Structures are given as C-alpha cells and as structure tokens.
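To start, the structure itself, in structure tokens.
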C-alpha cells in the first residue's frame with residue numbers, strides 16, 4: 091500500500107521515514123519529496139509498505155502524531171489519476 095505523509099519537519103529524511111514505518115512492518119520504499127529548484131524539502135513524502143494490514147495499522151497509529159517536532163498527517167495515498175484535485179488557491183500581487 092502507498093501511504094502519503096504530510097506536514098513533515100524540514101529536516102526529516104527519507105531514511106527517517108523508512109525507520110519510523112519499519113516499526114509497523116516491511117517498508118518497500120520511503121521518499122521525502124524535494125523541490126528541484128531549491129533543493130529544500132517540500133515537507134511531504136510517500137511510504138510504500140508490502141502488507142496492507144501493517145500499513146493500515148501504521149496509518150491509524152501515526153496520523154496526527156508528533157514526529158521530529160512536527161504533527162504529521164498520514165493517510166492512504168490517492169493515485170495521481172483518481173478524480174479531480176481540489177482547486178489551488180491563487181495568490182495575487184497588487
């Protein structure tokens with residue numbers, strides 16, 4: 091199962107995510123997403139776990155927990171092509 095993790099600390103690494111989720115079962119991959127232009131963390135990432143039951147337990151226990159000085163959000167990832175995305179807020183300069 092692919093898991094979406096948001097509101098990460100700017101210092102959280104992919105290895106940190108792997109270690110956190112490994113407490114619940116086998117982690118296939120863990121990736122924090124970085125901005126290509128700045129190299130800074132976008133403060134979200136994805137974790138793929140082999141077993142759905144273990145993944146669901148991790149989601150239930152880690153959602154809204156304090157990790158690396160941030161209260162993280164953890165939920166099942168939605169496929170990129172699944173339904174419309176919510177509209178983005180537009181910022182205007184005056």
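In my numbering, the protein residues as written are 91 to 184. All C-beta atoms, glycine included, are put in the ideal place defined by N, C-alpha and C. Computed from a predicted structure; not experimentally measured.
Near residue i, what residues of its chain come up, given a Cβ to Cβ distance below 6 Å and the 5 sequence neighbours on each side ignored?
i: residue 159; result: 99
i: residue 147; result: 114
i: residue 111; result: 117, 137 and 148
With 16 other CB atoms within 10 Å as the buried threshold, where does residue i fall?
i: residue 129; result: exposed
i: residue 164; result: buried
i: residue 117; result: buried
i: residue 145; result: buried
i: residue 120; result: buried
Give me the Cα-Cα distance between residue i and residue j, rounded to the nearest whole angstrom.
i: residue 123; j: residue 138; result: 14 Å
i: residue 126; j: residue 134; result: 14 Å
i: residue 91; j: residue 155; result: 20 Å
i: residue 108; j: residue 140; result: 13 Å
Which same chain residues, not among the five before or five after residue i, have their C-beta less than 8 Å away from its C-beta?
i: residue 151; result: 114
Which residues in the same chain as residue i place their Cβ atom closer than 7 Å to its Cβ, once the five residues preceding and following it in sequence are excluded?
i: residue 106; result: 158
i: residue 103; result: 122
i: residue 132; result: 123, 124 and 125
Q: Run through the stretch 114-168 for me and flag every whole alpha helix (DSSP H) of 4 or more residues, listed as ranges in chain order.
A: 142-152
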